[in-house]
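Counted from 1, the sequence shown has number 150 at position 57 by our numbering; the numbering is strictly sequential.
Comments concern the structure below.
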Amino acid sequence: MTVRLLVILGAGPGIGLATASHFASEGFDIALLSRNTDRLRNDVATVQKIAPNVKVQAFPVDVGDHVALKKALEKVETEMGIPEVVYYNAARVAPSKIGETSPEYILDDFKSMNIGMYVAATWALPHLTSIAQKPDRHASFLFGNSGIYEFPISDFFCLSMQKAAQTNFAGSLSQIAGPKGIHVGSVNIGGVVSDDDPDMNAKLIASKIWELYSQDKDHWTAEVKVGDIRDLIKKMSGQ
Numbered sequence: 094m095t096v097r098l099l100v101i102l103g104a105g106p107g108i109g110l111a112t113a114s115h116f117a118s119e120g121f122d123i124a125l126l127s128r129n130t131d132r133l134r135n136d137v138a139t140v141q142k143i144a145p146n147v148k149v150q151a152f153p154v155d156v157g158d159h160v161a162l163k164k165a166l167e168k169v170e171t172e173m174g175i176p177e178v179v180y181y182n183a184a185r186v187a188p189s190k191i192g193e194t195s196p197e198y199i200l201d202d203f204k205s206m207n208i209g210m211y212v213a214a215t216w217a218l219p220h221l222t223s224i225a226q227k228p229d230r231h232a233s234f235l236f237g238n239s240g241i242y243e244f245p246i247s248d249f250f251c252l253s254m255q256k257a258a259q260t261n262f263a264g265s266l267s268q269i270a271g272p273k274g275i276h277v278g279s280v281n282i283g284g285v286v287s288d289d290d291p292d293m294n295a296k297l298i299a300s301k302i303w304e305l306y307s308q309d310k311d312h313w314t315a316e317v318k319v320g321d322i323r324d325l326i327k328k329m330s331g332q
C-alpha cells in the first residue's frame, strides 16, 4: 500500500484543520506542526475521527525558531516518512501600522513566515524530488497566500510585507524545484475566511488546495485564487 504524507506547518483551526481533514479523507497520513500543544491535540482527534484509517500525528514546535523547526521536521521524517505534499500555513493575521509597529514584531513575523518557510523548503526539497520520480505522485510545496502581496494594506503592512517576501521566495524556489518535478504554488485568499461565507470558508479553501495539488505537470499553475483582495480593500475603505 502506498503511504502518502501531508505535512502542514502552522496547523490550527480553520484552513489548517480543513486541509488536514480533506487530505486525510483522501487517504493521506497527516503531520501537524504548530506551537499550541492543546490545539494540536484537538486537531489530531478531529482529523482522526474523520479518517480513522490514516495516521495523524502532532509535532509541537515554534516554526519561527529555525533550529527547533529543523529538529521537528527531522522527527517527522523519522516517525512518519517523507512528504508528498508540504503546506506552509503559518501567519500572524493582525493589524500593524507604520510608525506604531516595533522592529521586533516585524522580525518575529519574518522568522515565522519566511525563515520558517525557507527551512521547510530546504528540508522538503530532496524528499519531494524523490517522490516526484514515482508514478501517479504529485510532489508539491504549497503555501497560503493573500492578494496583499500585490495590493498591500497599510493597516496590515507587516503581513503585506511577509506575503510579498513569501511570494518572491516561492518564485525562486519554483525555478529549481520545477525542473525536478515539484509543483510550487499557493492558494491566494482574497478576503476574510468565515464558515458562514459560502465563497470564503475553510472547507472551500481546502478543496482549492487539493485542486492545486492534483494538477498534472502540464497544467501547473502558480496560484489558485479564492476571492479578490481588491473587493475587501474597497469594503474596508467604505467604497
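Note that CB positions come from ideal geometry on N, CA and C, so glycine has one too.
With a minimum length of 3 residues, the unbroken runs of beta strand (DSSP E) contained wholly in the segment 145-224 fall at 149-153 and 178-181.
By alpha-carbon distance to Arg132, the top candidate from Lys318, Ile123 and Leu110 is Leu110. In this structure Gly320 is buried. Its beta-carbon is surrounded by 16 or more other beta-carbon atoms within 10 angstroms.
Contact check for Phe236 and Tyr198: beta-carbon distance about 21 Å, past the 8 Å limit, so the pair fails to qualify. For Gly320, the enclosing beta strand (DSSP E) begins and ends at Glu316 to Gly320. Under the DSSP assignment, Asp122 falls outside any alpha helix (DSSP H), being part of the beta strand (DSSP E) whose first and last residues are Asp122 to Ser127. Three or more Cβ pairs closer than 8 Å define a contact, and the segment 201-210 meets that threshold against the segment 246-257.
From the listed residues Leu305, Thr112 and Lys327, the smallest Cα separation to Ile143 is found for Thr112. In the structure shown, the three-state DSSP call for Phe249 is strand. Ranking Val179, Ser195 and Thr215 by CA distance to the CA of Ala232 puts Val179 first. Approximately 6 Å separates the beta-carbon atoms of Asp202 and Arg185; this is inside 8 Å, confirming the contact. One thing to note: Val149 has its Cβ no nearer than 7 Å to the Cβ of Val156. The shortest CA-to-CA distance from Lys273 to any of Met293, His220 and Ser118 is the one to His220.
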